[in-house]
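Student: Below are the structure tokens for one structure; questions will follow.
Number of protein chains: 2
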Amino acid sequence: MTLEVLPAETVVARGKRPPQGEPVVDRALALLAAFDDKHLRLSLSDLARRSGMPVSTARRLAVRFVAWGALEKDESGLYSVGLRLWQVASLAERGLSLRDEAPPFLDDLHAVTHHHVQLAVLDHTDALVLDRRLGDVELPAISYRIGGRIPLVASAAGVVLLAHSPAEFQDQVLSGPFRWPLHECPRPAAKDVRAQLAGVRRTGLAMLSRPTAPIASVAAPVRDQQGSVVAAISVVVPAGSIELYRFEPALRATARAVSRAMGAPMAVGATAPW
Amino acid sequence: MTLEVLPAETVVARGKRPPQGEPVVDRALALLAAFDDKHLRLSLSDLARRSGMPVSTARRLAVRFVAWGALEKDESGLYSVGLRLWQVASLAERGLSLRDEAPPFLDDLHAVTHHHVQLAVLDHTDALVLDRRLGDVELPAISYRIGGRIPLVASAAGVVLLAHSPAEFQDQVLSGPFRWPLHECPRPAAKDVRAQLAGVRRTGLAMLSRPTAPIASVAAPVRDQQGSVVAAISVVVPAGSIELYRFEPALRATARAVSRAMGAPMAVGATAPW
Chain R
1 MTLEVLPAET
11 VVARGKRPPQ
21 GEPVVDRALA
31 LLAAFDDKHL
41 RLSLSDLARR
51 SGMPVSTARR
61 LAVRFVAWGA
71 LEKDESGLYS
81 VGLRLWQVAS
91 LAERGLSLRD
101 EAPPFLDDLH
111 AVTHHHVQLA
121 VLDHTDALVL
131 DRRLGDVELP
141 AISYRIGGRI
151 PLVASAAGVV
161 LLAHSPAEFQ
171 DQVLSGPFRW
181 PLHECPRPAA
191 KDVRAQLAGV
201 RRTGLAMLSR
211 PTAPIASVAA
221 PVRDQQGSVV
231 AAISVVVPAG
241 SIELYRFEPA
251 LRATARAVSR
261 AMGAPMAVGA
271 TAPW
Chain Y
275 MTLEVLPAET
285 VVARGKRPPQ
295 GEPVVDRALA
305 LLAAFDDKHL
315 RLSLSDLARR
325 SGMPVSTARR
335 LAVRFVAWGA
345 LEKDESGLYS
355 VGLRLWQVAS
365 LAERGLSLRD
375 EAPPFLDDLH
385 AVTHHHVQLA
395 VLDHTDALVL
405 DRRLGDVELP
415 AISYRIGGRI
425 PLVASAAGVV
435 LLAHSPAEFQ
445 DQVLSGPFRW
455 PLHECPRPAA
465 KDVRAQLAGV
475 RRTGLAMLSR
485 PTAPIASVAA
495 PVRDQQGSVV
505 AAISVVVPAG
515 SIELYRFEPA
525 LRATARAVSR
535 AMGAPMAVGA
545 TAPW
């Protein structure tokens, strides 16, 4: 998979006319980027404003999108993302087998922990939640949504994904102003994160628990047929409420089970990176 | 929700340059429509051929799509649908609360029936599978995939959705050559389908079981806050193996549970349309 760190404005893709390329295509994509989990339905003027284009352009594009099914328009004239787009997007090859294979094992992990369980993959400079099970306790500062994004450095799942990504990608992430939403805690230095990543690769487990953070999490890697890390499974709990080590065996077993279902070559014995 | 019966070539959106509108946008959408569950990864030339455009055009569009994340390109140069598109599409408002609320109840129905369970919504002239649980027995002629499409008239879930759709939409579907994949069985006459739809509205249940068809299915409607039918839940079994009536109470209870979770006004008593 090509790992590219796009500049933030490309990932956000909103509000600016791209300087080159196929402006119509970029505008069309900007129209899609106008939606987020706080903006599921948009009026034409909001759609135009949030995608940074004149209302007339937004209307012209939206008509084509509605005809195809990429957008839907309700009786009151509000636009939302269309189910046809969801159907095409469900073909996303990366994640397809994970979304097929992981659910029963996520159910099991959730059934024995009663805590928040996440399955996440790397997508640009975030971890993307492919699936999740809700814990009994509501947690602050966490994306509950399937399709939600979580920061790479400030979540155990993200740290697992970063630890197993190419060195150049790690350099790009750590040399930039990486996302750090734990305002209560000081942003860690790049060299401390690097040491942490090395530990994750060695132990096969990431644990994130900071004295003043509201949540703590532990994550383990999921591997594919080639033995490459393609996802992370994490258990997220309210900080200080519980020893993360309690979940280690169940989490490792779940990550192994999903890896096996993905066709990963399974290592045996204590020295294995599982 | 706007229900439009688009001409087949618009829905398939492949191989033809649209006669008007924003040709670039329509081409961009045609690029996405080149993917289906038999074609998860495409070379540039296949992408161009399946979307009906010159290779040079396909390459130019694909570059923009990859930069945004709507497509991904692997080491061998094959394109697949990108996770960024999946993330945006996960915001599809229609289906979002269903995908959030239904899973535990689908688990329950699956746990007590051990058969194939589907949650489907109307999308153009098909039913679209939003979620499903696999039965113990593999079934022929059924879309197992989340995001797969099933025909309206030849599936119990589709019949429920059609029965509760506007009369003009039913007319459009039944006056055309509606999809009928049960090659072993004669295609039913429109007036027989209409009688069946009236029965479904009266009883709140659709049962499809034809002597020579390989599968049989039973479905019940799911309603939203307005009391409108927004989805159908079905149990699909190998034909002749089992009495569909056995599943009726569990299926009705599940459809009620999901409807309640969706905020539907719950009717009580035997005369209710549940």
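Residue numbers (my numbering), protein chains in the order written: chain R, 1 to 274; chain Y, 275 to 548.
By construction, the Cβ of each residue, glycine as well, lies at the ideal position given by its N, Cα and C atoms.
None of the values given here were measured: they were computed from a predicted structure.
Select from Y:Asp397, Y:Leu372, Y:Asp382 the residue whose C-alpha is nearest the C-alpha of Leu408 of chain Y.
Tutor: Y:Asp382
Student: Are the beta-carbon atoms of Pro539 of chain Y and Gly501 of chain Y separated by less than 8 Å?
Tutor: yes
Student: Ala111 of chain R and Leu152 of chain R - do their beta-carbons sit closer together than 8 Å?
Tutor: Not in contact: Leu152 of chain R and Ala111 of chain R (Cβ atoms no closer than 8 Å).
Student: Going by Cα to Cα distance, which pick from Y:Arg358, Y:Arg315, Y:His313, Y:Asp300 is closest to Thr331 of chain Y?
Tutor: Ranking the options by Cα distance to Thr331 of chain Y, first place goes to Y:Asp300.
Student: Using beta carbons (cut-off 8 Å, strictly below), is Ala431 of chain Y in contact with chain R?
Tutor: no
Student: Measuring straight from C-alpha to C-alpha, what distance separates Ala277 of chain R and Leu91 of chain R?
Tutor: For chain R, the structure presents residues 1 to 274; residue 277 of chain R sits outside this window and is missing.
Student: Give the residues from the stretch 219-253 of chain R that approach chain Y closer than 9 Å (Cβ to any Cβ), ordered along the chain.
Tutor: Residues passing the 9 Å Cβ filter: none.
Student: Report, in whole angstroms, the separation of the C-beta atoms of Leu396 of chain Y and Leu435 of chain Y, which I expect to be a contact under 8 Å.
Tutor: 4 Å
Student: Could you give the first and the last residue of the continuous beta strand (DSSP E) run that contains Glu412 of chain Y?
Tutor: No beta strand (DSSP E) contains Glu412 of chain Y, which DSSP labels as neither H nor E.
Student: Below 8 Å CB to CB, which residues in the same chain sit around Arg526 of chain Y once its five sequence neighbours on both sides are set aside?
Tutor: Same-chain partners within the cutoff: Gly478, Leu479, Ala494, Trp548.
Student: Say whether chain Y places a C-beta atom closer than 8 Å to the C-beta of Gln87 of chain R.
Tutor: yes
Student: Would you list, in chain order, the members of the stretch 341-362 of chain Y that have their beta-carbon closer than 7 Å to a beta-carbon of chain R?
Tutor: Ala341, Trp342, Gly343, Ala344, Glu346, Lys347, Asp348, Ser354, Val355, Gly356, Leu357, Arg358, Leu359, Trp360, Gln361, Val362
Student: Count the other C-beta atoms from every protein chain shown that fall within 10 angstroms of the C-beta of Arg368 of chain Y, then say buried if there are 16 or more, exposed otherwise.
Tutor: buried
Student: To which residues of the same chain is Leu179 of chain R closer than 6 Å at the C-beta, ignoring the five residues directly before and after it?
Tutor: The sequence given here has Arg at residue 179 of chain R, not Leu. Around Arg179 of chain R: Pro151.
Student: Are there 16 or more other CB atoms within 10 angstroms of the CB of Ala463 of chain Y, so buried, or fewer, so exposed?
Tutor: Exposed is the call here.
Student: Which stretch, first to last residue, makes up the beta strand (DSSP E) that contains Gln392 of chain Y?
Tutor: Where Gln392 of chain Y is concerned, the enclosing beta strand (DSSP E) starts and stops at 390-397.
Student: So for Pro104 of chain R, helix, strand or coil by DSSP?
Tutor: helix
Student: Can you list the residues of chain R that Ala302 of chain Y reaches, using a CB-CB cut of under 7 Å?
Tutor: Val25, Ala28
Student: Starting from the C-beta of Ala308 of chain Y, find all residues in its chain whose C-beta is less than 8 Å away, skip the five residues before and the five after it, and write them out in chain order.
Tutor: Excluding sequence neighbours, Ala308 of chain Y sits near Arg288, Leu316, Asp320, Leu321, Arg324, Ser325.
Student: For Asp46 of chain R, report the span of its alpha helix (DSSP H) as first-last.
Tutor: 44-51
Student: Check Leu436 of chain Y in the structure and name its three-state DSSP category.
Tutor: Secondary structure of Leu436 of chain Y (DSSP, three-state): helix.
Student: Suppose contacts are defined by Cβ-Cβ distances below 8 Å. Is Val88 of chain R in contact with Leu106 of chain R by that definition?
Tutor: Their beta carbons are not under 8 Å apart, which means Val88 of chain R does not touch Leu106 of chain R by this criterion.
Student: Leu61 of chain R lies in the alpha helix (DSSP H); which residues open and close that run?
Tutor: Here the alpha helix (DSSP H) through Leu61 of chain R covers 55-68.
Student: Taking CB distances under 8 Å as the criterion, tell me whether Ala92 of chain R reaches chain Y.
Tutor: yes
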